[in-house]
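S.K.: One structure, pasted below without further comment.
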Amino acid sequence: MKRFATYGETLPGVSVEDLSGWLIVVEGTDGVGRTTHVNRLRTHLEQMGYAVAETGLTRSDLASRGIRRAKLGNTLGSNAFNLFYATDFADRLERQIIPALRSGFVMLTDRYTYSLIARAIVRGADPDWIKRVFSFALKPSATFYLRIEVEDLVPRVLSEGGYFDYWESGMDLPMGEDLYESFMNYQRRMIHELDLLSHEYAFQTLDATRKVDDLSDELCDRVSALLAQKRPAAITP
Amino acid sequence: MTQVRTYGQYPSQFPGKLFIVEGIDGSGKSTQLALLAQWLRSQGHLVVYSEWNSSPIVRRTTSFGKKEKLLTPTTFSLIHATDFSDRVERDIVPALKAGAIVLADRYVFTAFARDVARGVGPAWVRSLYRFAVVPTLAIYFRVPLQVALYRILSGRPKLKWYEAGMDLGLHGDVTESYKMFQGRIQDEYERIVNEFGLAVMDATQPVEIQQRAMRQLVLPYVRGEKLPPPPPPGSPIIPPVPRKEVTP
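For the protein sequence lines, the chains are A and B, in the order given. Each position in the first sequence, counted from 1, maps to that position plus 178 in the numbering used here. Each position in the second sequence, counted from 1, maps to that position plus 858 in the numbering used here.
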């Protein structure tokens, strides 16, 4: 049985026929607590005996430094940023995600193409176009969407770092008179786009305003259940 | 808010003109474009040059990926699209708005030919570049493969890994691999010429004859006597439907 397929476009020189493992995506906007939950999930799965690998946005060997440099100043075109993120994603897909799945790992992904599609759309990209760009991505085994309203997001952002981040506030656009205004408008749009994507791609939505422990327990339970029902196909040489 | 416009959306009513040259290595296109630039400047036109793979920010990542041999057909395609997109937004469109003549040595067709020769899906790469401005005139320099190869290889160049298509494993020898890869790229170019209606230059002609032909090709557009044709019907690059603004 074939466990993985892409969204339509094949990757030249890469076979997805022999992949086992699971690709688990955690999605949600900035500051919603994704990293905390991914860490807890990782510990939980490792205790159960699964081999776990992890990736997230801008963690590629190829493009992470370039994207960081580009973010230092508002010096890269807005659409070029969309494609730079796509480059970073493709590099991680081919050089991190696919090899891990081939070895039967549980691959935890802190945000996937969906966040990148959402941020591009908020910045004016044609939705059909950006989805087509990412059509070489693997369909995940499951996508968990940590959902929050922007009003609940503000206290978290301010209590964590103390400031609104330039990019997380969409100040490259910008969408308001100051960081606060822009943050509210930008995040509202991001959440709206993620909501739309959550229906289109059948995310499992989790209420991120709940207590961290409760949410984390539910996430671990759901992933454990998924892993228990779908044993990886035997690997034939 | 600034909209990211796509291929079909960019109208030809920018005051500037965009002339682009395409062809395999050794087709002589760069020489001809440089001569054209000199001539247009001498005629008092404002001329801007745009080269493939030259965005200051993205170029470093591309070189790093090439040096470390990290690039796959997909990331090779995407990083060049990133570079090109940056140049479209930051160089080409503003210059066209300012009324300049923009000359581009290689354009989207280079990606269409080279990436597809690497195994990337033809429809996907065409859709990837939908943000590109439609050129006023695109000229393809047609030359027999052997002639182009002789022009390049007689200089005994040190061919680079990706330049020679070594990532495809066509041949263990760099020069042989380069020849095979250039042949594949040329096949793709020949398809593109018909698909997008590129003007064809006989690149076996002497330099000065070609230059005369090139001036004749661009002059009617520079004088405004001739307008660029719309993208061919049935072209895989489809103008997008205008997006409805969502109110959160």
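The beta carbon of each residue, even a glycine, is placed where N, CA and C say it ideally should be. Bear in mind that the values here come from a model prediction, so they are computed numbers and not experimental data.
What does G255(A) reach in chain B if we use C-beta pairs closer than 7 Å?
M.R.: S943, D944, E947, R948
S.K.: Note down the Cα distance separating K389(A) from V284(A), rounded to an integer number of angstroms.
M.R.: Separation of K389(A) and V284(A) (C-alpha to C-alpha, rounded to the nearest whole angstrom) is 26 Å.
S.K.: Is it true that the CB of A296(A) sits closer than 8 Å to the CB of M368(A)?
M.R.: Result yes, Cβ atoms of M368(A) and A296(A) sit closer than 8 Å.
S.K.: With a 10 Å radius around its C-beta and 16 neighbouring C-beta atoms as the bar for buried, classify D391(A) as buried or exposed.
M.R.: exposed
S.K.: Would you say V966(B) lies against chain A (beta-carbon separation less than 8 Å)?
M.R.: no
S.K.: Identify every run of the beta strand (DSSP E) within the segment 997-1083 of chain B, keeping only runs that are complete inside it and at least 3 residues long; order them along the chain.
M.R.: 1057-1060
S.K.: Could you round the C-beta distance between Q890(B) and Q1068(B) to whole angstroms and report it? I think they count as a contact, below 8 Å.
M.R.: Yes, they are in contact, since the Cβ atoms of Q890(B) and Q1068(B) sit about 6 Å apart, within 8 Å.
S.K.: Is the beta carbon of T994(B) closer than 8 Å to that of K887(B)?
M.R.: no
S.K.: Is V332(A) helix, strand or coil when you go by DSSP?
M.R.: helix
S.K.: Tell me the DSSP secondary structure of L404(A) in three-state form.
M.R.: helix
S.K.: Would you please verify whether the beta carbon of A962(B) is less than 8 Å from any beta carbon of chain A?
M.R.: no
S.K.: List the endpoints of the continuous beta strand (DSSP E) containing W200(A).
M.R.: Segment 200-205, the beta strand (DSSP E) holding W200(A).
S.K.: Using 10 angstroms around the beta-carbon of G227(A), count the other beta-carbons present and answer buried if the total reaches 16, otherwise exposed.
M.R.: exposed
S.K.: May I ask you to list the residues that DSSP assigns as paired with Q382(A)?
M.R.: F322(A)
S.K.: Buried or exposed: where does Y292(A) fall if 16 or more other Cβ atoms within 10 Å of its Cβ makes it buried?
M.R.: buried
S.K.: Looking at D269(A) and S319(A), is the spacing between their C-beta atoms short of 8 Å?
M.R.: no
S.K.: Considering only their Cβ atoms, is the gap separating R181(A) from S198(A) smaller than 8 Å?
M.R.: yes
S.K.: Classify L876(B) as helix, strand or coil using the three-state DSSP reduction.
M.R.: Here DSSP, grouped into helix, strand and coil, assigns L876(B) to strand.
S.K.: Assuming A962(B) and V983(B) are in contact, meaning their beta carbons sit under 8 Å apart, how far apart are those beta carbons, in whole angstroms?
M.R.: With a beta-carbon spacing of about 18 Å, A962(B) and V983(B) fall beyond the 8 Å limit used to define contacts.
S.K.: Strictly under 8 Å for the Cβ-Cβ distance: is F361(A) near chain B by that measure?
M.R.: no
S.K.: What residues from chain B crowd round F314(A), counting only those whose CB sits closer than 7 Å?
M.R.: T932
S.K.: Does DSSP put A278(A) in a helix, in a strand, or in coil?
M.R.: helix
S.K.: Looking at the C-beta of I1010(B), does it have a partner C-beta in chain A at a distance below 8 Å?
M.R.: So, not an interface residue.
S.K.: Is T920(B) buried or exposed, if buried means 16 or more other CB atoms sit within 10 Å of its CB?
M.R.: buried
S.K.: For chain A, find out if any of its Cβ atoms is closer than 8 Å to the Cβ of T940(B); answer yes or no.
M.R.: yes
S.K.: What does the alpha-carbon distance come out to for the pair K371(A) and L331(A)?
M.R.: Correcting the residue type first, residue 371(A) is Glu in the shown sequence and not Lys. CA-to-CA, the gap between E371(A) and L331(A) works out to about 16 Å.
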